[in-house]
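Below: one structure, written as structure tokens.
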Amino acid sequence: MPLPYSEIVMEHFRHPRNVGRIEDADAKSIEGSPACGDMVAVYLKVDPEDLRLTDVKFESYGCASNIATGSIITELAKGKTLEEAKAITWKQASEALGGLPPIKTHCSVLAVDGLQAAIQNYEERHGLVKERVPTTVEVVRKRLKRVMNPLTGLDLVRTKLVKDIEVSDGTVRVELDLPSDHQFAANIQEEIMEKIEPLWDVDKVVVEFTE
Amino acid sequence: MFGEFVYLDNAAATRLDGRVLEAMKPYFLETYAVATSQFGYSLGIEARDVLDAARATIARALGAVPEEFIFTSGSTESSNMALKGVAMALGGKKGRHIVVSRIEDFPVLHSARALEKQGFQVTYLDVDEYGRLDLDQLREAITPQTILVSAQAANQEIGTLQDLAAIGAICRERGVLFHTDATHSFLRVPLDVREVPVDLVTVTAHLIHGPKGVGGLYVRQGTPLAKWMDGGFQEFNLRAGSENIPGAVGFARAVELVTPEETARLQEMRDRLIERLLRIPHSRLNGHPTLRLPHNANVSFRFVEGESILLHLDMRGFAVSTGSACFSRSLEASHVILGIGGNHERAHGSVRFTFGRFNQAEDMDAVADAISDVIENLRAISPLGKE
Numbered sequence: 001m002p003l004p005y006s007e008i009v010m011e012h013f014r015h016p017r018n019v020g021r022i023e024d025a026d027a028k029s030i031e032g033s034p035a036c037g038d039m040v041a042v043y044l045k046v047d048p049e050d051l052r053l054t055d056v057k058f059e060s061y062g063c064a065s066n067i068a069t070g071s072i073i074t075e076l077a078k079g080k081t082l083e084e085a086k087a088i089t090w091k092q093a094s095e096a097l098g099g100l101p102p103i104k105t106h107c108s109v110l111a112v113d114g115l116q117a118a119i120q121n122y123e124e125r126h127g128l129v130k131e132r133v134p135t136t137v138e139v140v141r142k143r144l145k146r147v148m149n150p151l152t153g154l155d156l157v158r159t160k161l162v163k164d165i166e167v168s169d170g171t172v173r174v175e176l177d178l179p180s181d182h183q184f185a186a187n188i189q190e191e192i193m194e195k196i197e198p199l200w201d202v203d204k205v206v207v208e209f210t211e
Numbered sequence: 212m213f214g215e216f217v218y219l220d221n222a223a224a225t226r227l228d229g230r231v232l233e234a235m236k237p238y239f240l241e242t243y244a245v246a247t248s249q250f251g252y253s254l255g256i257e258a259r260d261v262l263d264a265a266r267a268t269i270a271r272a273l274g275a276v277p278e279e280f281i282f283t284s285g286s287t288e289s290s291n292m293a294l295k296g297v298a299m300a301l302g303g304k305k306g307r308h309i310v311v312s313r314i315e316d317f318p319v320l321h322s323a324r325a326l327e328k329q330g331f332q333v334t335y336l337d338v339d340e341y342g343r344l345d346l347d348q349l350r351e352a353i354t355p356q357t358i359l360v361s362a363q364a365a366n367q368e369i370g371t372l373q374d375l376a377a378i379g380a381i382c383r384e385r386g387v388l389f390h391t392d393a394t395h396s397f398l399r400v401p402l403d404v405r406e407v408p409v410d411l412v413t414v415t416a417h418l419i420h421g422p423k424g425v426g427g428l429y430v431r432q433g434t435p436l437a438k439w440m441d442g443g444f445q446e447f448n449l450r451a452g453s454e455n456i457p458g459a460v461g462f463a464r465a466v467e468l469v470t471p472e473e474t475a476r477l478q479e480m481r482d483r484l485i486e487r488l489l490r491i492p493h494s495r496l497n498g499h500p501t502l503r504l505p506h507n508a509n510v511s512f513r514f515v516e517g518e519s520i521l522l523h524l525d526m527r528g529f530a531v532s533t534g535s536a537c538f539s540r541s542l543e544a545s546h547v548i549l550g551i552g553g554n555h556e557r558a559h560g561s562v563r564f565t566f567g568r569f570n571q572a573e574d575m576d577a578v579a580d581a582i583s584d585v586i587e588n589l590r591a592i593s594p595l596g597k598e
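Which chain is which? The protein sequence lines are A and B, in order. Okay, so the first sequence: first residue is 1 according to the numbering used here, each after it adds one. Okay, so the second sequence: first residue is 212 according to the numbering used here, each after it adds one.
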């Protein structure tokens, strides 16, 4: 079939694993929104003794890439300790799926973020979180590494699209080396907002394009 | 598997009619000369006669005279030619203001944006919940500097028809040129330029079972239009380049083959499918219930995303289209669904079905059954729409 998706992606898309809700979940998360086109919910059951994920389930509103990644991360995470699961990256998920088209990597990132957010949710609920770290240029840069350039499937930082980052008084300003009429300008801007806005001490995110 | 394939994306491309292909063949292998002047060799003169005949056939279908019809490479070029040609002809004289609707297809919309960068002012007119232009807003938008109004005959996604006679009358009254992109309505919805005061009309062959790569622009006699692609003196010195004779012949043959009976048959299929689709819970029709293309159905389904629907339908042998961002080349949700006041979710869950000559009434039941099933499955794994 001349589809852009690998056999493994299509297999997970057709028959997603671990779908559904855990009614008495120990932690859960929802990443994305109907507005952005992809949304994933992750539910966890955790063994309090050894902090191991005894069950992981997901629900997805999204494209094939989102559904398949949601499916694969539940397989990757199940049985791992929280610390081990925290180390799962979007790259690993993508590799486990036999690769994803560049334009679809952001959907994979969203699903992995869902898993990470659910783990964080567990840690917050169970007093496992250390002190809240104030947002710095480095924190922002690290988050921008999870915003993908749909043309290449690589992140903004690696493809040198981030010209400058400023953080002051709760305002984060990100300057991109990208014209405002670029094919993906609106999409990239939205992704940046989604990644930076949830930071606890950020009130406002400004994305600037070149003219 | 393609024997069983049901193609419902006829607004993107249609299958070439075998009779069109037969008509085109001699102009690849026998009469392959370019059209020459009357002083050329016989083969070239023959090519010219054939081109003239094809032009006359298509012009007649629009109620135009042959000299008013310019062959182009398709509707993208035609609309570029209309907007940029008028801008170049009048931008330095009359004014630099253009009016377009917000839900135009990309050839018009992006030509308007390109002109904006050249210093033209563009007003983007709003549409109502069905996609119909607000005529009062149009009247207000026209200024003494306005040179052109471009409003589509029918929408590419939701199929809504515009009142071209009323829009044309306003333009006439205010002395402004009127272009319409009739790519999707050509021959399916009557348009006679002797009755409708329109100055420029974009049409194409590949949506009426003709070949890709050939289209045309109707240019009312006396319409100021600058030549913007330089070269030879072809097409009344408005469009340079060796003529696409097989394309022109195929286009004309395709025009001859469309009948009102066929269009009526497509409309019956449309109504049957819409009726079936709206039985699915949380579904809604996009576009106007009656003032719509006879061969277009567009429905949004809540809590599910279009690309997933499309892929599942593909695996079951149905080709459809969606306004979802995930499916678009810019990852942006359909500007048409957003333009009629829909939110992103409605765009992401929108599915477009467009019919053609080779579809059968049974296809409608088959696709309705398949999509009901697909949507039920996708809703089962969706975090939305529960409780």
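Glycine included, every Cβ here is placed at the ideal spot set by N, Cα and C.
Asked                                                                                                                 : Found
Chain-ordered neighbours of A:I103 on chain B, where CB pairs are closer than 8 Å                                     : L542
Three-pair Cβ contact test at 8 Å for the region 200-210 of chain A versus the region 237-247 of chain B              : no
At least three beta-carbon pairs within less than 8 Å, the region 546-562 of chain B to the region 334-342 of chain B : yes
Buried or exposed by the 16-neighbour rule on C-beta atoms within 10 Å, applied to A:E190                             : buried
A:N187 at chain B interface by Cβ criterion, 8 Å                                                                      : yes
Reduced DSSP category for B:M440 - H, G, I as helix; E, B as strand; rest coil                                        : coil
Where the beta strand (DSSP E) through A:L176 begins and ends                                                         : T171 to P179
Alpha carbon of A:L156 to alpha carbon of A:K145, nearest angstrom                                                    : 6 Å
Residue-chain proximity (B:L522, chain A), Cβ-Cβ < 8 Å                                                                : yes
Cross-chain neighbours of B:V515 in chain A, by beta carbon under 9 Å                                                 : Y61
Partner residues on chain A for B:I592, Cβ-Cβ distance less than 9 Å                                                  : P16, V19, G20, F58, E59, S60, Y61, I67 and G70
C-beta atoms of B:T415 and B:G285 nearer than 8 Å                                                                     : yes
Residue span of the beta strand (DSSP E) that contains B:Y335, given as start and end                                 : Q332 to L336
Below-8 Å beta-carbon distance, B:N554 vs any chain A residue                                                         : yes
Residue of B:T565, B:L294, B:D574 and B:V387 minimising C-alpha distance to B:K305                                    : B:V387
Stretch pair the region 508-517 of chain B + the region 558-578 of chain B: three plus CB contacts closer than 8 Å    : yes
Whole-angstrom distance between B:V425 and A:V40, CA atom to CA atom                                                  : 45 Å
Proximal residues to A:R21 (C-beta, below 8 Å), its chain only, five neighbours per side dropped                      : A41, Y43, K57 and E59
Residues bridged to B:E467 (per DSSP)                                                                                 : Beta-bridge pairing links B:E467 to no other residue.
Which listed residue (A:I8, A:G37, A:L178 and A:S6) has its alpha carbon closest to that of A:H106                    : A:G37
For A:H15, three-class secondary structure by DSSP                                                                    : coil
Rounded C-alpha distance that separates A:L176 from B:S545                                                            : 25 Å
Proximity test, Cβ basis, 8 Å: A:M39 and chain B                                                                      : yes
Rounded separation between A:L100 and A:F184 - CA only                                                                : 18 Å
Reference B:I256; option with closest CA among B:T357, B:P594 and B:I456                                              : B:I456
Assumed close pair B:L232, B:A246 - CB separation to whole angstroms, cut-off 8 Å                                     : Their Cβ separation, rounded to whole angstroms, is 21 Å, which puts B:L232 and B:A246 out of contact at 8 Å.
Inter-residue Cα distance where the pair is A:E138 and A:S180                                                         : 25 Å
C-beta contact flag for B:R527 and B:A581 at 8 Å                                                                      : yes
Alpha helix (DSSP H) runs wholly inside the region 7-87 of chain A, at least 4 long, in chain order                   : 7-14, 64-77 and 82-86
Pick from B:D525, B:K423 and B:A380 that is closest to B:G405, judged by C-alpha positions                            : Reading off the sequence, residue 405 of chain B comes out as Arg, not Gly. It is B:A380 whose Cα lies nearest to the Cα of B:R405.
Partner residues on chain A for B:E518, Cβ-Cβ distance less than 7 Å                                                  : C63 and A64
Listed by chain order, chain A residues near B:S535 by CB distance under 7 Å                                          : G37
Residue of B:H523, B:I548, B:H559 and B:V547 minimising C-alpha distance to B:A536                                    : B:H559
As assigned by DSSP and simplified to three states, the class of B:V547                                               : helix
Secondary structure of A:V129, DSSP reduced to three states                                                           : coil
CA-to-CA distance, B:A437 to B:N448, given in whole angstroms                                                         : 10 Å
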